[in-house]
Structure formats: structure tokens, C-alpha cells
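**Student:** The structure's right below; bear with me while I get my questions together.
Residue numbers (the working numbering): 4 to 98.
In C-alpha cells, the structure reads:
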């Protein structure tokens, strides 16, 4: 398995693979206390002209402020910001 940092760390390869499918479909990812207890992060990739990830946009905060309800609001905003940067640099999102 993968190294476990907290109780929420995805340490099983198949669980990680399922999460990656959701991330690709949704366009943004969530770190839900997977590295540090009490912290959540939402992130989206910035892509170059070949559709390769070259950076990202992320927002992190304590779980008391970044609630599951806020994730639903923040995620699309982070995705849109990363998409805007991708477009500004002539990048493309992979299919």
C-alpha cells in the first residue's frame, strides 16, 4: 500500500484509482485531512499546450472553515481559475 499520514490518507491503490477517476470527471481534487488532520485543500491543474499538467491552483484551510458545503462552492471556483490560467498560456485540457 501507500504511506499513510492520517486516518483519511488513501493508502490503498484501488481507492486512489477510484478517486482519480472522480477527480478527472469533476476537474478538481480534494485533500480531506489526508496529509494533516484538521486541514482540507481543493486543487485543480493548469495544463500546457500538450495537455500536460504544469502547475495548479489550490485553496487550503482548516476543516472548521472549509466544510463539505464550502467544498462544493470552492471546487468549481478553483477549477475555473485553473482553466482561465490554462487558456491564458495557450494550454489545453486533456480529453
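Ideal placement from N, C-alpha and C gives every residue a C-beta, glycine not left out.
What residue range is occupied by the uninterrupted beta strand (DSSP E) comprising residue 33?
**Tutor:** Element bounds for residue 33: 32 to 35.
**Student:** What are the boundary residues of the beta strand (DSSP E) that residue 69 is part of?
**Tutor:** Neither: residue 69 is in no beta strand (DSSP E) and is coded neither H nor E.
**Student:** Which residues bound the beta strand (DSSP E) around residue 43?
**Tutor:** Residues 42 to 50.
**Student:** Taking only three categories from DSSP, how would you classify residue 79?
**Tutor:** Note: residue 79 maps to helix in three-state DSSP.
**Student:** Going by DSSP, what residue range makes up the alpha helix (DSSP H) through residue 16?
**Tutor:** Unbroken alpha helix (DSSP H) run through residue 16: 16 to 29.
**Student:** Where residue 5 and residue 17 are concerned, what is the direct C-alpha to C-alpha distance, given to the nearest angstrom?
**Tutor:** Residue 5 and residue 17: Cα-Cα distance of roughly 11 Å.
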